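Here the structure comes first, spelled out in structure tokens, and everything after it is commentary.
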Amino acid sequence: MPGEIVNDGRPVIRWPEGRRFAFTIFDDPDSQMCEDTREVYSFLADLGFRTTIGVWPLEARRTRNSRGETCANPEYRELLRRFQERGFELGFHNATAHSATREETIEALGLFREYFGSGPAAMANHYNDEAIYWRAARLTGWRQKVYEALMGGGLNRSGGHVPGTPHYWGDVCRDNIRYCRNFVYSDINTLRVCPWMPYFDPTKPYVQFWFSACEGAEGSSFTKALQDRNQDRLEEEAGASIVYTHFGRGFIENGRLHPEFRRLMERLARKEGWFVPVSTLLDFLMEAKGQTVLTAAQRRKLETRWLWEKFFRGTS
Ligand SMILES: [Zn+2]
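Under the working numbering, think of the first position of the sequence shown as -6, with each following residue one higher.
Structure (structure tokens):
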């Protein structure tokens, strides 16, 4: 028995190998250059962390909406393969650093397989037009209307989940990718805010399973999320944390890792945590808890809290 639920509603997981909690990261490639990748991942690997590195498989062919390496750079690709060999997972961040057509997304997934041996299991949307259930489409009901009114819409006019648009790839996503990230919260214990993950949401049928994450989008918010007392609480609660970050933003100063980031990761590494990639963690949770189909009440809860945090705390 890999894990179990004590306490109704809130999973108390028995982590493998007697570990006391789980911790991982999904890293978004925005603004990340080869030197950042090398610096950050050599450090994480030596400490024993094994996390998920989001990538853009396809070269940028039109005007970019973001900086950052794509897998078209052979030096970057080689670096990624080396970390993959050491146990890191590679994740999908849409095709490339600009909106992609259905054909380009299919091409990108093919390149991913060619470069890294198999297709991606986990993904997170980039703010492209083919992002799946993105912007207001992340939400339902009044929350969707509030979001649209305040943030502007685009709802159902485009998006990877809307058949008949040039960006549609919902069917390809459903057939190829197991886990997709939606809501991000400030709590370090992602499992406490979202005890249902990984979950299937019947209002979003092109995604097999969703996961939530902890806000750590750049150096400053990452170190805030991982403060000593938060690390200790994650351990006490036997929780699971999936931090969403961009290692290309604010982790390196004058060619060196930010000292507070270094200190916090070294501190966390000394704890008895289970430090595995996003998909390994989610596969384990699914086996421990069974598959969850999100109910309307659960969806309301996740959406309302996220919307509140989005507007008052600026989470992703
Ligand atoms: Zn991005």
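Idealized CB from N, CA, C, for every residue including glycine. Note that this is a predicted model, so its numbers are computed, not measured.
Cβ-heavy atom distance, residue i to ligand 1, below 7 Å
i	result
ARG199	With the sequence shown as reference, residue 199 is identified as Tyr, and Arg is not the correct amino acid for it. No; taking the cut-off as 7 Å, the Cβ of TYR199 has no heavy atom of ligand 1 nearer than that.
ASP122	no
HIS91	no
HIS160	no
SER59	yes
ASP180	no
Cβ distance (whole Å) where residue i is taken to contact residue j below 8 Å
i	j	result
THR308	SER179	6 Å
HIS239	ALA210	6 Å
GLY153	ALA129	That belief does not hold up - the Cβ atoms of GLY153 and ALA129 are roughly 14 Å apart, past 8 Å.
PRO191	MET279	6 Å
GLU296	THR133	7 Å
VAL48	LEU73	7 Å
LEU275	TYR172	5 Å
PHE176	THR285	Not a contact, Cβ separation roughly 15 Å.
Between the CA atoms of residue j and residue i - distance to the nearest angstrom
i	j	result
TRP299	CYS207	11 Å
VAL200	GLY243	31 Å
LEU83	MET116	9 Å
ASP1	ARG60	Its pLDDT being 49, under 50, ASP1 is placed unreliably in this model, and the value from its coordinates should be taken loosely. About 45 Å.
ARG131	GLY11	36 Å
LEU51	TRP301	35 Å
GLU97	ALA53	11 Å
ARG338	GLU228	Outside the shown range of the chain (-6 to 309) lies residue 338, about which nothing can therefore be said.
THR216	ARG13	21 Å
ASN247	PHE254	14 Å
GLN224	GLU28	28 Å
VAL269	PHE16	7 Å
PRO(-5)	MET258	Legend: pLDDT at PRO(-5) = 45, less than 50; position of this residue unreliable, no value from coordinates given.
TRP8	THR273	12 Å
GLU107	HIS91	21 Å
ILE170	ASN66	24 Å
TRP127	ASN118	8 Å
TYR237	ASP23	12 Å
ASP168	PHE204	17 Å
LEU37	PHE19	13 Å
PHE105	PHE76	15 Å
LYS303	TYR120	16 Å
GLY283	VAL5	14 Å
ARG226	THR89	37 Å
THR56	ALA281	45 Å
ARG277	VAL33	At residue 277 the sequence reads Phe, which differs from the Arg that was named. Straight-line Cα distance between these residues: approximately 26 Å.
ARG306	ARG222	20 Å
PRO30	GLY110	The residue asked about is misnamed: residue 30 is Thr in this sequence, not Pro. About 20 Å.
Report yes or no: do the region 285 to 295 and the region 36 to 46 share at least 3 C-beta pairs separated by less than 8 Å? no
Should the region 171 to 191 be called in touch with the region 218 to 232, which here means at least 3 C-beta pairs below 8 Å? yes
Run the Cβ filter for me: residues under 5 Å from any heavy atom of ligand 1, listed in the order they occur in the chain. ASP21, ASP23, HIS119
Do the region 251 to 268 and the region 153 to 168 make contact, defined as three or more Cβ pairs closer than 8 Å? no
Do the region 70 to 86 and the region 135 to 142 meet, that is, are 3 or more Cβ pairs less than 8 Å apart? no
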